[in-house]
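Protein sequences, first through last, are from chains A and B. Add 18 to the 1-based position in the first sequence for this note's numbering, that's all there is to it. Add 177 to the 1-based position in the second sequence for this note's numbering, that's all there is to it. For each residue, glycine too, the CB sits at the ideal point set by N, CA and C.
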Amino acid sequence: MITRLLLAVSLTTLTAFAQRGLKDIPDPDPVKQAATFNLPEGMEIQLVASDPMIAKPVQMNFDSKGRLWLVSSGMYPHIIPGAEENDKVLILEDTNGDGVADKRTVFADNLHIPTAVLPADGGAYVANSTEIIFLKDTDGDGKADQRRVVLSGFGTEDTHHIVHTFEQGPDGMLYFLQSIYIHSHLETPYGVRRLMGGGIWHFRPETQRAEILSKGLINPWGFIFDEHGQTFATDGAGGHGINDIFPRSVFRTSPGAKRIVDGLNPGQPKLCGLEILSGSHIPQKLRGVLIAPDFRGHRINAYRLNPEGSSYNSTRIDDFLSSSHRAFRPIDVKMGPDGALYIADWYNPIIQHGEVDFRDDRRDHSRGRIWRVTFKGQALIEKKDFTKFSIKELLAHTISKERVHREQARNELRTRKDVLPELSAWSSELTDDFSRMQAMWNHQALNHTAAKLIKSLVESNDPRYRAAALRVIYHRHEEVTGATEIIKRAINDKNGRVRLWAVSCLAQMPDPDSVPTALQALDHPVDKTMDFALWSIVREHQAHWAPRFEAGKPVFGDKLPRLIFAMKALGKPLSLESIFTSVENGSLTPTERKDAISVISQVGSPGDLSRLLKLAPKEPAILEQLVTAAQIRKLQPKSGKGSLLSFLDSKKSTVFASAAKLAGLWKFAPARNKLVRAFTQAPAKRQAAAEGLRLFGDEETIKLFLKLSKESPDEATRAIAVKELAKIAPDRAAASAVTLLQQDKAGKDEHTLFTSFLQNSRASTSLAKALEGKTLPIKIATLGLQRAGTSGRPPKDLMAALQLSGKLKPISQQPSSADMAKLIERVRTEGNPHRGETVYRRTDLQCIACHAIGGVGSPIGPDLVSIGASAPVDYLITSLLNPNDKIKEGYHTTLVSEKNGNAHTGGLVGESDTEVVLRDYAGKMNRIARSDIKNITISPVSMMPAGLTAGLREDQFIDLIRFLSELGKDGDFKVSAKPIIRDYMVLRPHPRTVDGMGHYGTAVFAEKFEGYQWQTYGSKVNGELLPSELPKVKGRGRNTWGVARFGLTQKGKVKLKINDTYLLDLFAGKKEVVLPEKGPTVIELNGNDDPQYFTLAVNSASRQSEVLLEIVTE
Amino acid sequence: MMKFWLFFLLLTIIPVSAVTFEDNDTVVLLGNTMIERAQKYGHLETAINLSVGKKRLKFRNLGWSGDTVFGHARSYFGPPKEGFDRLKSDLSELKPNIVIVCYGAVAAYDGEKGLPEFVAGYETLLSMIKSSASPREIVIVSPPPAESLGAPMPDMGKHNRQLALYSKALSKLAQKHKLQFADFFTTLGESKGLTDNGLHFTSEGYQTAAPKFVEALGIPLATGNQIQSEHARKLREATVAKNKLFFFRWRPANETYLRLFRKHEQGNNVKELPMFDPLIADAEKQIEALKKTTLSLK
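Okay, here's the thing in structure tokens:
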């Protein structure tokens, strides 16, 4: 009793703490909620069930009687000490056919955050935190009385990542997913299966075999088979729209992934749930469309897929529906047995639990809704009770034109005895591909292999059936005689997707011939997806093919591209002789040659590198390859280093830079004088020469840097000397660094001194010591504090020193709850999101340097496309003031410590056996040799600096928060599905344009001139480009021009709408497009996906009004 | 098949001594899925608890699906070493008097070539247990045989031969370190129907296997009257309830936020974990009372 009392008291305190910002709670009345839907013409929505009949639905699925099963979790996100496990499996029925559930059965009520349910096999599979269980009602009272553990060992490191999303495949297997923080260890009769991080499993109950289909994704809660058995997933935290799931695909954030594939729609809202609209009730134009809830944005997005190469092209189309109700959280969508679309609405003003306290009082634990979407004038499908049908009737339904009927019938067949004889007789009568595919799946669903049907389908004229047949072979090749022959034909299929399946099948067959066969696919067009699959099989199967190759037996015949591909994928030298011969005798195409050189540098021995170096005079790019070999692989050519001297005389700065680095890396003493000369006398070569010298790292170099850092009359030289010195002898560099910082009135640290001193704790401490008793300008001290605060291990001594010398107040601010409540109120009443967007886009604020909105902008931080719809205002405020308080999964900083004490921080981009790649705060990629690394840890520090908003006035801060809080909500700040041009490359001022304009007019901007420097520019959320924001490129007189380039990914003729052509010129390539003088216009262009193909020039001195380019679709 | 079993029995007949339980002992059960799931059904713990008579025991189940002697399943985000260290800190905190260890079921898939690594890993584990908890006794338990359930389920004959090999190695290991060896592999023997997947006991499976486990520990089994009584059923239910509370305390969900790299967001909620302690203590009092009543039966 005492314990309970204590508990009650402490919980009240918690809730009191969490009350702030509680005003934004919408009215829970379902009738009022229903009125908030924004539905396209002809669509109707109806409430099927609501609280208290149901609460907190997580996933739903229909059974073969047409009843809706759902799991309900009021316990989420975390059990309260002393509370019972009381989450439920509920069954809803509509007994009178009015679309409203009128009967509810509690099938089970003792579960622990159940996240998936699938009625099948005479009971129901339920995901229950650490385990998947099977519940069965054996006495017919409607309640489960038997509970068996099917699989256990699922991690629970985060309860919105635990095993979830059950889907029954047409193959009769149970598919389920887990997310980024989960580590699962399943003991199966075939051995233990471990999955670290996100991924997709399949499980066959009859054999108890559980295997991994795909790895990665951040929080994937949507998974679906299309009508031909291809699989797709959505990601609730990933933002790549639809992901093409093929066997062994590896996506973002899979731990230890050496390589990943991307989703089909980068920059899209994060999606939970996935369904394909099908059946005769769905209007024709929507059938086949994929819909997926954007639960942050209170809407359901829609995508259309088209086959493209070995994968798909996915286009987002108009939203399926949306709501302005802030607690509408669609998280699951399913086609129902009546042909209508059902939506599970988690109903909560707060989503997930990472950023908002477990015990936050705004978190809803008792509500939940199921909605039903129908279409006017379209007849519903007849709802059937498949448990009442004979086997014959069931078989007939498995080829119904209604997909829901096919699935329910197949599901029911699994529970019947002696189906095979009837199935096999029935199958032999089928003549069309569609029916045969269903029959093939019926067999597979019963754990049998219909070899004859498979063999007929691989001969189909339609590649979709050929691919479907191969997918069955993928799982059951041992039971298909002649499978190898089928696959050998399929690897040269004229369809890319079929070839991809052939590679997948081969990956299942550990045989010396598998890789050589797979690499035949290189004779056909190879896209990213295929390239990944081939890379993957070469590595996975190394033990099967490489020994034969090493024994000198022919493996790839005379096909050099196959050998190069295999060796590059493997990163090991198996035999470079034939590759060398081809490079030296010049028999390769330029691409093959490039590949060949890169493979030699990646895998070759010191002797091979010498041979490569000899080719460098003709092919200077080789030098940079040798730099990588020295840095990452720690290998140098055995001989011939003397040739470096001539490269150091090169006029080409890139050649000189590579040679300078090599001189240092190889510690090639004869080159030193040339480097010293370049450093002190040739400004263009200064930086590269200094790097080369620094790599020598000896006392002589240190003395030189020290001298120059103090005595050079040139500031840039002093800065370079300091920076390079900081890397090898920071204690001797610090004093000069302080002098430079004291002179930095602009406060921008253009020489990036801080970065150099933050790489190593020895260096940061030296700088801290050198700052003792010194004064710094406020601006530079503030910047230093930001940089220090976001380095993986913030150096306390340096931060303290910077605060003292800059006389700074502590920048991390934690408003009191009263202040927070006031701020929230002011954001609501005074904040102006349009003004806020202008603040957001200010370059000095750095928002756009790291964040994208709807894929437009930088990939460093999380995409903010729907942050406003998902995060409460207090969360946004705290995130800005104290970034370390709230870090989104997938965006934690990785800290790599080197053995020499250097530390690198940034987002983990990739890792391999030899190197780790980090992306730092400036977007720069750092490659670190594995052999130099001491350890890699996840840092609790955000890459986002604290105090970024410190320079804002209060009203600007409030506007900024208001803008962020509107992102993703219905209105001006929701990225629309319209194909608007949002990504531009804009021209930086260049001296030649002043003259050039005189001769050529604006055509000078369309030229392919190498000296032009381009930077990325993202449009406003609504797609507008503001001439005043573009770099002012000088024309004649006082005229300035904003010059932006873009590409069009659409193929063929594209209609482009320009809002106003006033003072605007457009070029397709170098050719000017004739435009009217002013006003809106639509022009026709030929698509070209070169992102710099089209050039737009707008007179920014005279035109202030925005430019909007939109592609017109029919 | 029979011939093989007979052969194995002959090989492994060694003098059986008994594990000594004392009043107020804390007993840790350590292992992979077989141990982990035992906490959900309670048969195993109840059978041991009743068989030691009046001595009061506290059981702490640290089983973890898919775990190995290296701590593979316990590591969360880091390498297995982190899992091993987690176990070390758990043991240091619990300070058990007796540690009953059952590993080998996962490792046996590696066959003969994996044996040296397994034995070496086991020895590291043993010395870690000794240094972190100094228990009075460590018991090495051989893993139970797998069941061949008939097509389409796989034949587990090969795996059983490998399990036999590993059990034999465990027996030698126990001898070498002068530790108790509980030959569960042999006392359970060939079975069918104790599992759904050939590996892991169902509730009924645990019920059948529990007496064999007690037998392997070398202690006399409580009477049938006691074990099959209504009181024992209640005792088992109370045991399962206690195990759940301990599970929420020891292996909480949301670890990422409570104690790992997102603890700056939700680490404040870690204060709820000790709130389970008094609940566990209450549950244990109830277990003691139910045990007393059960033991009063003859």
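By the Cβ neighbour-count rule, D176 (chain A) is buried, with 16 or more other Cβ atoms within 10 Å of its own. Taking 8 angstroms as the threshold, the shortest C-beta distance from E1102 (chain A) to chain B does not fall below it. Contact annotation, R211 (chain A) with A228 (chain A): C-beta distance approximately 6 angstroms; criterion of less than 8 angstroms satisfied. At a beta-carbon threshold of 7 angstroms, none of the residues of chain B lie near H182 (chain A); the nearest stands roughly 14 angstroms away. Boundaries for W459 (chain A): no beta strand (DSSP E) harbours it, while the alpha helix (DSSP H) harbouring it runs D451 to A463, taken from the DSSP string.
A Cβ-Cβ separation of about 17 angstroms leaves Q832 (chain A) out of contact with L803 (chain A) under the 8 angstroms criterion.
The residue from A:I650, A:G658, A:L653 and A:V645 with its alpha-carbon nearest to that of G710 (chain A) is A:V645. Bounds of any beta strand (DSSP E) do not take in D47 (chain A), whose DSSP letter is neither H nor E.
Residue pairing of W389 (chain A) in beta bridges, as defined by DSSP: A:L65 and A:I361. Under the Cβ criterion of 8 angstroms, A250 (chain B) is counted among the residues facing chain A. Rounded to the nearest whole angstrom, the C-alpha separation of N510 (chain A) and Q620 (chain A) is 30 angstroms. When secondary structure is reduced to three states using DSSP, I368 (chain A) falls in the coil class, being assigned neither helix nor strand. Around the beta carbon of V490 (chain A), a 10 Å sphere encloses 16 or more other beta carbons of the protein chains shown; the residue is thus reported as buried. The way I'd put it, the stretch 786 to 795 of chain A doesn't touch the stretch 895 to 909 of chain A; fewer than three beta-carbon pairs between them come closer than 8 angstroms.
R454 (chain A) places its beta carbon less than 8 angstroms from that of L471 (chain A).
Of all alpha-carbon atoms in A:A839, A:T967 and A:D931, the one lying nearest the alpha-carbon of D862 (chain A) is that of A:T967. Nearest C-alpha to S446 (chain A) among A:N460, A:R434 and A:T433: A:N460. Taking 8 angstroms as the upper bound for CB-CB distance, I275 (chain B) and F198 (chain B) are in contact here, some 7 angstroms apart. Within the stretch 758 to 842 of chain A, the complete alpha helix (DSSP H) runs of at least 4 residues fall at 771 to 775, 779 to 789, 796 to 807 and 814 to 824. Boundaries of the beta strand (DSSP E) around S232 (chain A): R227 to K233. Cβ-Cβ distances below 7 angstroms link T372 (chain B) to E324, F378, T379 and G382 in the same chain, with the five nearest sequence neighbours on each side left out; the list follows chain order. The DSSP-derived three-state label of L295 (chain A) is coil. Chain-order list of chain A residues neighbouring V447 (chain B): empty, with the shortest C-beta distance near 11 angstroms, by a criterion of under 7 angstroms.
Contact annotation: A463 (chain A) and R494 (chain A) have beta-carbon atoms that are not nearer than 8 angstroms.
Chain A has no Cβ within less than 8 angstroms of the Cβ of S319 (chain B).
A distance of 8 angstroms or more separates the beta carbons of P355 (chain A) and F583 (chain A). Residue state for N918 (chain A) is assigned as coil, using DSSP reduced to three classes. Excluding sequence positions up to five before and after T856 (chain A), its CB lies less than 7 angstroms from no other CB in the same chain.
Counting only runs that start and end inside the stretch 1045 to 1078 of chain A, the beta strand (DSSP E) elements of at least 3 residues fall at 1058 to 1064 and 1066 to 1076. If you ignore the 5 residues before and after T133 (chain A), its C-beta comes within less than 7 angstroms of the C-beta of V76, Q77, V89, A145, I180, V181 and H182, all in its own chain and listed in chain order.
For E595 (chain A), the enclosing alpha helix (DSSP H) covers residues E595 to E602. No Cβ of chain B is located within less than 8 angstroms of the beta carbon of G514 (chain A). Of the candidates A:G115, A:D45 and A:D1083, A:G115 places its Cα closest to the Cα of L398 (chain A). Pairing E442 (chain B) with E432 (chain B), the inter-Cα distance amounts to about 12 angstroms. Runs of the beta strand (DSSP E) spanning 3 or more residues and lying entirely within the stretch 304 to 349 of chain A occur at 308 to 312, 317 to 326 and 329 to 341, in chain order.
The Cβ-Cβ distance between S1037 (chain A) and S1118 (chain A) does not fall below 8 angstroms.
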